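The structure appears right after this line, and notes come after that.
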Amino acid sequence: MSAQAMTTVTAMVGDTITLKCEANSNNQITLVSWRMKLSDAGIEQLISLSPASNTITNKEVPGYKDRINITKDFSLIISNVGIQDEKIFSCFTLVDSDIDEIPVSLKVYKIPSIPEILEPVAFLEEGNLQQVGVCVVNNSYPVANITWQYNFQNLDAKNPAVKIKRNTVRNGKGYYNTRSSLKYMSKKGEGEVSFTCTATYFEDQNSIASKTSSPLTVFVHYKTSKVLLLVTPAQDVEEGTNVTLTCMGDGYPPPDKFIFMKNGEEKEVNTKEYELINVSQEDTGEYSCTQQDNPDIKDAVNITVYYLTLTMNPDEDVTKMVGENITVECIAESSGTVNVTLMKRDTNCTNPFVMESLQYTHSGTYTCSAKIKEVKGMKREETVNVRVEGKPRINKLTKKVVNNAKVISCVVEGFPQPLVQWSVNGTAPREEPVKDKKSQWNHRITVKPSENITVTCTAINSFGEDQDTVNLTAMRFKEPEDETLEQDPSDPNNKNDNSKGSGDQAKVIVGVIVGLLIAAVIAGVAYWLYKKKSPTSKTKTNERGTADEIKKINKGDNNHTTAGSSAV
Numbered sequence: 001m002s003a004q005a006m007t008t009v010t011a012m013v014g015d016t017i018t019l020k021c022e023a024n025s026n027n028q029i030t031l032v033s034w035r036m037k038l039s040d041a042g043i044e045q046l047i048s049l050s051p052a053s054n055t056i057t058n059k060e061v062p063g064y065k066d067r068i069n070i071t072k073d074f075s076l077i078i079s080n081v082g083i084q085d086e087k088i089f090s091c092f093t094l095v096d097s098d099i100d101e102i103p104v105s106l107k108v109y110k111i112p113s114i115p116e117i118l119e120p121v122a123f124l125e126e127g128n129l130q131q132v133g134v135c136v137v138n139n140s141y142p143v144a145n146i147t148w149q150y151n152f153q154n155l156d157a158k159n160p161a162v163k164i165k166r167n168t169v170r171n172g173k174g175y176y177n178t179r180s181s182l183k184y185m186s187k188k189g190e191g192e193v194s195f196t197c198t199a200t201y202f203e204d205q206n207s208i209a210s211k212t213s214s215p216l217t218v219f220v221h222y223k224t225s226k227v228l229l230l231v232t233p234a235q236d237v238e239e240g241t242n243v244t245l246t247c248m249g250d251g252y253p254p255p256d257k258f259i260f261m262k263n264g265e266e267k268e269v270n271t272k273e274y275e276l277i278n279v280s281q282e283d284t285g286e287y288s289c290t291q292q293d294n295p296d297i298k299d300a301v302n303i304t305v306y307y308l309t310l311t312m313n314p315d316e317d318v319t320k321m322v323g324e325n326i327t328v329e330c331i332a333e334s335s336g337t338v339n340v341t342l343m344k345r346d347t348n349c350t351n352p353f354v355m356e357s358l359q360y361t362h363s364g365t366y367t368c369s370a371k372i373k374e375v376k377g378m379k380r381e382e383t384v385n386v387r388v389e390g391k392p393r394i395n396k397l398t399k400k401v402v403n404n405a406k407v408i409s410c411v412v413e414g415f416p417q418p419l420v421q422w423s424v425n426g427t428a429p430r431e432e433p434v435k436d437k438k439s440q441w442n443h444r445i446t447v448k449p450s451e452n453i454t455v456t457c458t459a460i461n462s463f464g465e466d467q468d469t470v471n472l473t474a475m476r477f478k479e480p481e482d483e484t485l486e487q488d489p490s491d492p493n494n495k496n497d498n499s500k501g502s503g504d505q506a507k508v509i510v511g512v513i514v515g516l517l518i519a520a521v522i523a524g525v526a527y528w529l530y531k532k533k534s535p536t537s538k539t540k541t542n543e544r545g546t547a548d549e550i551k552k553i554n555k556g557d558n559n560h561t562t563a564g565s566s567a568v
């Protein structure tokens, strides 16, 4: 008799399994018999096959009678496998007088139920070793292994804050029911934690699988060790603001009842918030809050209520006459550090701003602004309008040549706005649109005089009038050298050729000087001959204007220039 090496076959409960008989079919087999090894080391025959007659003999062993069969290749088929089938089955073959044994070990597995956490704890208290729950895994074969997870991370059973106890029993079907209890000591600050348990089991000899329970969420309760008092919107506030004080503790569940105090005096508040409505100076002070069941734990803040008033002197719009005096002043009162500015438009003024001998340029809106350093956005603003009135004054009467014409500008000031009247040798010309600039009005006319003329600008309002004149020579005459007019850049007759080099420019300058000298000599001779031959030359000079008359006009122009005008 000889025996081959044992092979192992795995099966899940309920499967149909085939056990191979690895016999040497080259020899003539006269009998095949499948037997199973009993627990008492005995052997019991199950079924046999005679190949020659193809006769199957079933011994009708209890538990196997209707679940086994043998095939033509001598394999043993077992249906509806159970854990009772976890044995060694042997195939015996008879060849002549030799018997050969082929053993096969059958391993049976049962997938357990999904782990479930029973007897869950309602909450955990800081520092106490408490049972979290019991993880139950039923109907496993062989025994399933249970592990615990904290926030989905495996717990170390050797940790002093962790205690795990396991108990396994076999139920009526022979499967294993396992219970694993977990005790855990929580710490402050853990808050909301999650526990799960996992069952690890065999699916076959070389394959391991696992199932995990639904998470158990638990809150860790711990006492308050400190409180925090928050102020909204800020500790430094403006009068009239609504202020909310909120007291919070670091315990769990968060405490919701506190005692509020102001300067040591308890306030009737039993919630976590204390509201101050429309605060005033009287609300300035130290505020504190404590937990009702632990008055030694508290927090305090200082609240400062700031006020700011701003007035102006004068405190209403004012009208003054030219030459009078006035002082504009910003007056601020505050409980904090205040910054005061006085401005006219975009210009900073000193505070107080003293204006002596008022001019029209002093007219305008004066704005006072005050800000407190301690409170962001806290500011006040006041304005006053200063109006300066008086008779008109002509500041400037100017003339210039523009595009072969003469433009006369009369710049006047005064309030109410003066009415401007023009006179050209007694006639009223058409005026161009008026330009307004900082309490001054610029009036313009354009003329092309064919003879010497006098232009008069008159400004009139309810307080009086002002007048100025300017003399103009005819367009056909060249102005005396001391009367050279400003040339407008847009005049096409005013050209300057810079395209040539510096050498050409020097030559041109020399040529011009020489030409002027020659022209002067010729003009002198011609004039002398003309005077000698013409008896009416004296009267004709009145039409063109004699040199003495021109000088006289120039003299008159110079007088007007002193009053703010110039001659063309």
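For the sequence shown, the UniProt record's numbering assigns the number 1 to the initial residue and increments by one for each residue that follows.
Note that CB positions come from ideal geometry on N, CA and C, so glycine has one too.
On a predicted model such as this, the values are computed, not experimentally measured, just so you know.
Notebook entry, point to check: How big is the Cα-Cα spacing for LEU517 and LEU529?
Noted result: 19 angstroms
Next item on the list: Give the C-beta separation of ALA144 and TYR176 to the nearest angstrom, bearing in mind that I take them to be a contact with Cβ-Cβ under 8 angstroms.
Entry: 7 angstroms
Checklist line | Backbone secondary structure at ILE83 - three-state DSSP | finding: helix
Margin query: Among the candidates ASN385, ILE445, ASN351, whose CA atom is the shortest distance from the CA of VAL402?
Written below: ILE445
Check: What's the C-alpha gap between TYR184 and TRP148?
Finding: 11 angstroms
Notebook entry, point to check: Could one say the Cβ of ILE43 lies closer than 8 angstroms to chain C's Cβ atoms, at least one of them?
Noted result: Among the chains in the structure shown there is no chain C, since it carries only a single protein chain.
Item checked: Coarse secondary structure for ALA523, derived from DSSP in three states -> helix
Notebook entry, point to check: What first and last residue would you give for the beta strand (DSSP E) that runs through SER362?
Noted result: For clarity, residue 362 is His in the given sequence; the question names Ser instead. HIS362 -> no beta strand (DSSP E), and no H or E assigned at all.
Note to self: Quick check on this structure: which residue in SER97, VAL104, SER39, GLU333 has the alpha carbon closest to the alpha carbon of THR8?
What the structure shows: VAL104
Next item on the list: Answer with buried or exposed for PRO416, where buried requires no fewer than 16 other C-beta atoms within 10 angstroms of its C-beta.
Entry: exposed
Check: Does DSSP classify ASP482 as helix, strand or coil?
Finding: Reliability of the predicted coordinates at ASP482 is poor, the pLDDT of 33 falling under 50, and the value obtained from them is presented with this limitation in mind. In the structure shown, ASP482 sits in a helix (DSSP, three-state: H, G or I).
Notebook entry, point to check: Using the C-alpha atoms, what's the distance from PRO142 back to GLU86?
Noted result: 11 angstroms
Next item on the list: Measure how close the beta-carbons of SER439 and THR361 come, nearest whole angstrom, since I'm counting them as under 8 angstroms.
Entry: 6 angstroms
Check: Out of curiosity, what's the CA-to-CA distance linking LYS373 and GLU192?
Finding: 44 angstroms
Margin query: Here's the rule: buried if 16 or more other CB atoms are within 10 angstroms of the residue's CB, otherwise exposed. What is LEU310?
Written below: buried
Notebook entry, point to check: Whose CA, out of THR454, VAL411, LEU182, SER90, lies closest to the CA of ALA428?
Noted result: THR454
Next item on the list: Please state whether DSSP places ASP283 in a helix, a strand or coil.
Entry: helix
Next item on the list: Report all residues from its chain with a CB closer than 7 angstroms to the CB of GLU238; omit the five preceding and five following residues, and keep chain order.
Entry: TYR306, VAL375, MET378
Note to self: Using a Cβ-Cβ cutoff of less than 7 angstroms, which residues in the same chain neighbour MET321 once the five nearest sequence positions on both sides are dropped?
What the structure shows: GLU389, GLY390
Notebook entry, point to check: For the beta strand (DSSP E) that contains CYS247, what are its first and last residues?
Noted result: 243 to 249
Note to self: DSSP has LYS399 in a bridge; who is on the other side?
What the structure shows: ILE408
Next item on the list: Could you tell me which of ASN461, ASP466, VAL424 sits nearest to GLU452, measuring between CA atoms?
Entry: A small fix is needed here, since residue 452 is Asn in this sequence, not Glu. Residue VAL424 is the option with its Cα nearest to ASN452.
Notebook entry, point to check: Is ILE522 buried or exposed, if buried means 16 or more other CB atoms sit within 10 Å of its CB?
Noted result: exposed
Notebook entry, point to check: Buried or exposed: where does VAL169 fall if 16 or more other Cβ atoms within 10 Å of its Cβ makes it buried?
Noted result: exposed
Notebook entry, point to check: GLN291 bridges to which residues according to DSSP?
Noted result: PHE258, ASN294
Checklist line | At least three beta-carbon pairs within less than 8 angstroms, the segment 239 to 252 to the segment 279 to 292 | finding: yes
Notebook entry, point to check: Rounded to a whole number of angstroms, what is the C-alpha to C-alpha distance between GLU479 and LYS406?
Noted result: Note that GLU479 scores a pLDDT of 48, beneath 50, so its modelled location is shaky and nothing firm can be said.
Margin query: Quick check: what's the CA-CA separation for GLN4 versus LYS37?
Written below: 16 angstroms
Next item on the list: Would you mind giving the Cβ-Cβ distance between LEU230 and TYR274, rounded to the nearest angstrom? I have them listed as a contact below 8 angstroms.
Entry: In fact, because the Cβ distance is near 11 angstroms, the residues do not count as touching under 8 angstroms.
Check: If you compare alpha carbons, which of LEU308, PRO392, ARG387, ASP317 is closest to LYS371?
Finding: LEU308
Next item on the list: In the DSSP assignment, find the unbroken beta strand (DSSP E) run with LEU38 in it and report its ends.
Entry: From DSSP, LEU38 is part of no beta strand (DSSP E); its letter is neither H nor E.
Note to self: Tell me the residue span of the beta strand (DSSP E) that contains ASN151.
What the structure shows: Neither: ASN151 is in no beta strand (DSSP E) and is coded neither H nor E.
Next item on the list: May I ask which residues mark the beginning and end of the beta strand (DSSP E) holding ILE70?
Entry: 68 to 70
Next item on the list: Could you check how far apart the C-beta atoms of THR30 and LEU94 are, in whole angstroms? I think they sit under 8 angstroms.
Entry: 5 angstroms
Note to self: Tell me which residue opens and which closes the beta strand (DSSP E) that GLU333 is part of.
What the structure shows: 326 to 334
Notebook entry, point to check: Candidates PRO112, ASN154, ILE83, LEU182: which alpha carbon is nearest residue 579's?
Noted result: Outside the modelled stretch of the chain, which goes from 1 to 568, sits residue 579, for which no answer is possible.
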